[in-house]
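>
In our numbering, the protein residues as written are 5 to 451.
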């Protein structure tokens, strides 16, 4: 094109720059709309973990890795808000419609409360996670994780099997060259280990010790693991009915009654850690305590673990309380499929290995001991490996809404019988069951 005048040149330049300006604006607007569309397509999940530093560290590392490898689903981590208990926080969040998308600090004992409130997603409806759970979790543990309606609202994640930790040197000095298995074994060991070590006429070393306060959760660390062991894996609810007035309850109460009566367990409340201070030779504890003992033990201190004691004549494997913590997805989530995919990542093999490495807590996973991916950890952690072996024989608590009140009743009668010898084991077992049934009837009448 040939321009004949200065005016035509100016008009041409004006039109050219105007066109380029409009094109630039159009492109910028187009990019902005595209960015908005991309931003809108990104899903953000909120994930609550336990407010314990080890678990916060674990969750942070897993979330960081997830966010780095997933562009369309991002996860925002938040430790559980502080309160008397995580159960109170979660129930309040369900009632107020302020739940996260998922949480990994779900106690099985509160499951019925959450389900009754309509707060949890039914996992069975999502094959992306349900099929993987069936592959990962032992069948009996999976079935015990189901709610009373037969559906799964919690993803079995980790367990802390309770075992009997013992002082190796104290056992050797007392001439005990093997682990204790039965109630009679413990009585014989108690006779050798309970003594006055400084000659002042007062006993200052005992076989073991348990906090004597009649608080419901204390019984989860003495009566309950021993009940599960004595019953070969039964819990307190059988065929949807509470069952406490039985031979198992009587045997367990008599075991603890003899320990206190003979003085092998002191009737007191200690300050500090009597196991590390070598005042007691045994204590019921979980794998989380291994790193604590190693950190604070005196020089030369050796310890190991053995199963929970069982009645004389017991046959078969020894079961114990698993102290489970599981993962649930909340029904208010806007992105159930994405939440299921993230939950599946949290229970992946790599995440399970990291759980072991960072917390010494045991993933609920089939075949860990035979899996090469876990072999290095197992070879270098012999005590934790015993907890892993025990994890196959664990039971949780029954997910019934009256559980804390029932354990309150158990604790009262346990104190009267085992600690203060005011009731026979038979009388205490009878009162436990009657009170538990009254609690259940009363609560159901108010529904």
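Even glycine gets a Cβ: it sits at the ideal position worked out from N, Cα and C.
Using 8 Å as the Cβ pair cut-off and three pairs as the minimum, do the segment 119-138 and the segment 333-352 touch?
With a cut-off of 8 Å, the segment 333-352 and the segment 119-138 count as touching, because enough Cβ pairs lie within range.
> Pairs of beta-carbons, one from the segment 270-283 and one from the segment 299-308, closer than 8 Å: are there three or more?
Yes: at least three Cβ pairs fall under 8 Å.
> Return the chain-ordered ranges of every alpha helix (DSSP H) run that is complete within the segment 242-302 and spans a minimum of 4 residues.
Segments of the alpha helix (DSSP H) lying fully in the segment 242-302: 251-265, 292-300.
> Give every residue of the same chain whose Cβ lies closer than 6 Å to the Cβ of residue 437, excluding the five residues on either side of it in the sequence, and list them in chain order.
Cβ neighbours of residue 437 beyond the five flanking positions: 248, 249.
> How many whole angstroms separate the CB atoms of residue 342 and residue 67, which I take to be in contact at a CB cut-off of 8 Å?
Between residue 67 and residue 342 the Cβ distance is about 14 Å, and since that is not below 8 Å, they are no contact.
> Our contact map puts residue 225 next to residue 288 with C-beta atoms below 8 Å; I'd like the distance itself, whole angstroms only.
Rounded, the Cβ-Cβ distance is 5 Å, consistent with contact.
> Return the chain-ordered list of same chain residues with a C-beta closer than 7 Å to the C-beta of residue 286, the five sequence neighbours on each side being excluded.
Around residue 286: 168, 169, 170, 211, 212.
> For the alpha helix (DSSP H) containing residue 379, name the first residue and the last one.
Start and end: 379-384.
> Going by alpha carbons, who is nearest to residue 421 out of 277, 371, 253, 69?
Cα-wise, what sits closest to residue 421 is 253.
> Within the segment 100-158, note down every full alpha helix (DSSP H) run reaching 4 residues or more, in order along the chain.
With a minimum length of 4 residues, the continuous alpha helix (DSSP H) runs that stay inside the segment 100-158 are 115-120, 131-140, 143-148.
> Any idea if residue 138 is buried or exposed, counting beta-carbon neighbours within 10 angstroms, 16 or more meaning buried?
Under this definition residue 138 is an exposed residue.
> In three-state terms, what does DSSP make of residue 29?
Any reading at residue 29 is ruled out, since the residue's pLDDT is 47, under 50, leaving its predicted position unreliable.
> In whole angstroms, what separates the C-alpha of residue 162 from that of residue 366?
When rounded, the distance between both Cα atoms is 5 Å.
> Return helix, strand or coil for residue 366, following the three-state DSSP convention.
Strand.
> Terminal residues of the continuous beta strand (DSSP E) containing residue 48?
47-53 is the extent of the beta strand (DSSP E) around residue 48.
> According to DSSP, simplified to helix, strand and coil, what is residue 349?
Three-state DSSP puts residue 349 in a helix.
> Got a sec, what are the start and stop residues for the alpha helix (DSSP H) residue 77 sits in?
That residue, residue 77, is in no alpha helix (DSSP H); its beta strand (DSSP E) goes 77-83.
> Less than 7 Å between the beta carbons of residue 165 and residue 363, yes or no?
Their beta carbons are not under 7 Å apart, which means residue 165 does not touch residue 363 by this criterion.
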